[in-house]
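Residue numbers (the working numbering), protein chains in the order written: chain A, 1 to 296; chain B, 297 to 547.
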């Protein structure tokens, strides 16, 4: 059968059934995966429960009473409620997030401006990202939170939350600007060319054509940075701000019980998971709207 | 039908990319309502020539005059110049994050400062004229290649350009989609649009062009009415090129 064979219409028949029923195989795979999952978690639970220190750990890390008490605070003993502290985390995060997006975008755009005249501006942007990405966040927070208010300049706010927040904004803007810059560079140059050829200015082309596409592409890494930021608002604790972790710490040092830390951790998780799911939803909706094949 | 006015004049235009001398002294004059087809092998400078007219590339020497204004003079507002010169690319370059309607109205609204309402009214007219009326709320990725290229043409037309530059607009299309785009260009020619068209579609060039220019190694080696260029080319290089096209079965 080497020569060209005459064209014969292939009969349109469904493929023959597999010899061993694929359904049977599917059932078996399901049983195996269920079984191995049960075994894995049983062993894991036994290892934890049978550990010599399990009772102690349960009492000091998972005490429901301590969690409840720390969540609502103990007013007569001056123990701050975690929920109120957590509101501060949320507030700092919300405000910082907006400022970071703006500052990050400005820096990313500055690094894109062509031409020798703007070299100093680009240089400043590069130095900025290098400096703030290279310095440990905790040190930036210390320097800002303790240093700047100590200058005693008239009219400057001396709140540790404001300066700690500023440190977060400056540090995270450096990261976010790099993410956005990667997004801008991933938009093909022909898009800029098409926009310019229609008579749009460089800025208009960036604003209406390049940036919307760039931001959409980097939503997952941006979200990653924002989840990270949500947690890092806890770094205002060393400055003395009574946020969630600091509130938990106060309770812990009075009652020798670590359960409030678990409570605080739970609250942070509660905050980040919906954000992640919401972003997934946005990305999926956008992809479906634009993709070939129609809306499903 | 060809007007008396001159829409475009190129004088001794040179352009190099690094050590590559792409345009080596282009002289070309295009009358109003005239349709010029640029033919020639890949790398002969057709695209670069069009991109220079749209100021997407700076020229190294010579000058380009559009509608009586020297557009290559120093210190001109390139955005203002480009608004009168439409260009359509081989790869469509539509804006994928915008609906068909937004693709068309973006430049009229932002660059010409038209009101959204009147820009949309004009866009609707253009979409109807080019058979895309039912696609106004679609995104470009959901259109066929032929529809995408027609949309790109409409987007350029929405700026009411004095002259249209078409850069191998059918080269990225499946063969069965080429005709619908060529028909649009034919309609534009009938309506009197001044056009400079870089193309590999020789049959189309013969039909539509008032004049055909054969580009070779960065110069216009031969130009004339299509009947003369395609039937009795004077230059041996033109003959060679047309022979290779015939052998490839594309004419």
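Even glycine gets a Cβ: it sits at the ideal position worked out from N, Cα and C. These figures come from a predicted structure and were not determined experimentally.
Could you tell me which chain B residues have their CB closer than 8 angstroms to the CB of residue i, listed as they occur along the chain?
| i | result |
| --- | --- |
| residue 289 of chain A | 435 |
| residue 200 of chain A | 375, 402, 403, 406, 407 |
| residue 204 of chain A | 406, 407 |
Is it right to say residue i is buried, meaning 16 or more other beta carbons lie within 10 angstroms of its own, or is it exposed?
| i | result |
| --- | --- |
| residue 163 of chain A | buried |
| residue 338 of chain B | exposed |
| residue 413 of chain B | exposed |
| residue 342 of chain B | buried |
| residue 299 of chain B | exposed |
| residue 124 of chain A | exposed |
| residue 236 of chain A | buried |
| residue 36 of chain A | exposed |
| residue 406 of chain B | buried |
| residue 537 of chain B | buried |
| residue 369 of chain B | exposed |
| residue 130 of chain A | exposed |
| residue 453 of chain B | buried |
| residue 310 of chain A | Given that chain A is displayed from residue 1 to residue 296, the structure contains no residue 310 of chain A and the question cannot be resolved. |
| residue 155 of chain A | exposed |
| residue 545 of chain B | exposed |
What did DSSP end up calling residue i once you bin it into helix, strand or coil?
| i | result |
| --- | --- |
| residue 507 of chain B | strand |
| residue 306 of chain B | strand |
| residue 394 of chain B | coil |
| residue 491 of chain B | strand |
| residue 311 of chain B | strand |
| residue 323 of chain B | strand |
| residue 145 of chain A | helix |
| residue 281 of chain A | helix |
| residue 300 of chain B | coil |
| residue 65 of chain A | helix |
| residue 353 of chain B | coil |
| residue 476 of chain B | helix |
| residue 359 of chain B | strand |
| residue 200 of chain A | coil |
| residue 26 of chain A | helix |
| residue 455 of chain B | coil |
| residue 463 of chain B | strand |
| residue 400 of chain B | helix |
Residues of chain A with a CB under 9 angstroms from the CB of residue i: which are they?
| i | result |
| --- | --- |
| residue 385 of chain B | 190, 193, 194, 197 |
| residue 352 of chain B | 193, 196, 197 |
If I measure Cβ to Cβ from residue i and keep anything under 8 angstroms in the same chain, skipping five residues before and after, which residues do I get?
| i | result |
| --- | --- |
| residue 326 of chain B | 302, 303, 304, 305, 332, 459, 490, 492 |
| residue 532 of chain B | none |
| residue 122 of chain A | 110, 111, 113 |
| residue 378 of chain B | 350, 351 |
| residue 398 of chain B | 391 |
| residue 516 of chain B | 322, 323, 324, 509, 510 |
| residue 315 of chain B | none |
Contact criterion: CB-CB distance below 9 angstroms. Does residue i meet it with respect to chain C?
| i | result |
| --- | --- |
| residue 406 of chain B | You won't find chain C in this structure, because its protein chains are A and B. |
Closer than 7 angstroms by C-beta to residue i: which residues in its own chain qualify, once you throw out the five before and the five after it? Chain order, please.
| i | result |
| --- | --- |
| residue 166 of chain A | 144 |
| residue 105 of chain A | 180 |
| residue 463 of chain B | 343, 346, 383, 384, 385, 386, 494 |
| residue 62 of chain A | 259, 262 |
| residue 465 of chain B | 384, 386, 445, 477 |
So which residues of chain B does residue i contact, with C-beta pairs closer than 9 angstroms?
| i | result |
| --- | --- |
| residue 213 of chain A | 391, 392, 393 |
| residue 216 of chain A | 393 |
Going along chain B in order, which residues have a C-beta closer than 7 angstroms to the C-beta of residue i?
| i | result |
| --- | --- |
| residue 209 of chain A | 391 |
Less than 6 angstroms between C-beta atoms, sequence neighbours within five positions excluded: which residues of the same chain meet that for residue i?
| i | result |
| --- | --- |
| residue 374 of chain B | 351 |
| residue 100 of chain A | 169, 172, 173, 176 |
| residue 214 of chain A | 183, 184, 187 |
Find the residues of chain A that neighbour residue i, judging by a C-beta separation of less than 8 angstroms, and give them in chain order.
| i | result |
| --- | --- |
| residue 290 of chain B | Absent from the structure is residue 290 of chain B, since the part of chain B shown begins at 297 and ends at 547. |
For a contact meaning CB atoms closer than 7 angstroms, what does residue i contact in chain A?
| i | result |
| --- | --- |
| residue 555 of chain B | Given that chain B is displayed from residue 297 to residue 547, the structure contains no residue 555 of chain B and the question cannot be resolved. |
Count the C-beta pairs between the segment 461-475 of chain B and the segment 437-449 of chain B that are closer than 8 angstroms, then say yes if the count reaches three, no if not.
yes
Cβ contact (3+ pairs, closer than 8 angstroms) linking the segment 386-404 of chain B and the segment 175-182 of chain A
no
I'd like to know if the segment 147-165 of chain A and the segment 234-241 of chain A are in contact, where contact means that at least 3 CB-CB pairs between them fall below 8 angstroms.
The segment 147-165 of chain A is in contact with the segment 234-241 of chain A.
Are the segment 307-321 of chain B and the segment 345-364 of chain B touching, with three or more C-beta to C-beta distances below 8 angstroms?
By the Cβ criterion, the segment 307-321 of chain B is in contact with the segment 345-364 of chain B, since at least three pairs of Cβ atoms, one from each stretch, lie closer than 8 angstroms.
Check whether the segment 262-281 of chain A and the segment 114-121 of chain A are in contact - that is, three or more C-beta pairs closer than 8 angstroms.
no
Does the segment 82-95 of chain A touch the segment 106-114 of chain A, meaning 3 or more C-beta pairs lie closer than 8 angstroms?
no
Would you say the segment 65-82 of chain A touches the segment 245-255 of chain A, given that touching needs at least three Cβ pairs under 8 angstroms?
Three or more beta-carbon pairs drawn from the segment 65-82 of chain A and the segment 245-255 of chain A are found closer than 8 angstroms, and the two stretches are therefore classed as touching.
Quick test of the definition: if touching needs 3 or more C-beta pairs under 8 angstroms, does the segment 126-136 of chain A touch the segment 205-220 of chain A?
no
Quick test of the definition: if touching needs 3 or more C-beta pairs under 8 angstroms, does the segment 317-324 of chain B touch the segment 341-352 of chain B?
Contact between the segment 317-324 of chain B and the segment 341-352 of chain B is present, because at least three Cβ pairs lie under 8 angstroms.
Cβ contact check for the segment 279-286 of chain A and the segment 77-90 of chain A: 3 or more pairs under 8 angstroms:
Between the segment 279-286 of chain A and the segment 77-90 of chain A there are fewer than three C-beta pairs closer than 8 angstroms, too few to call the two in contact.
So, does the segment 426-434 of chain B touch the segment 456-470 of chain B, judging by three or more C-beta pairs under 8 angstroms?
no
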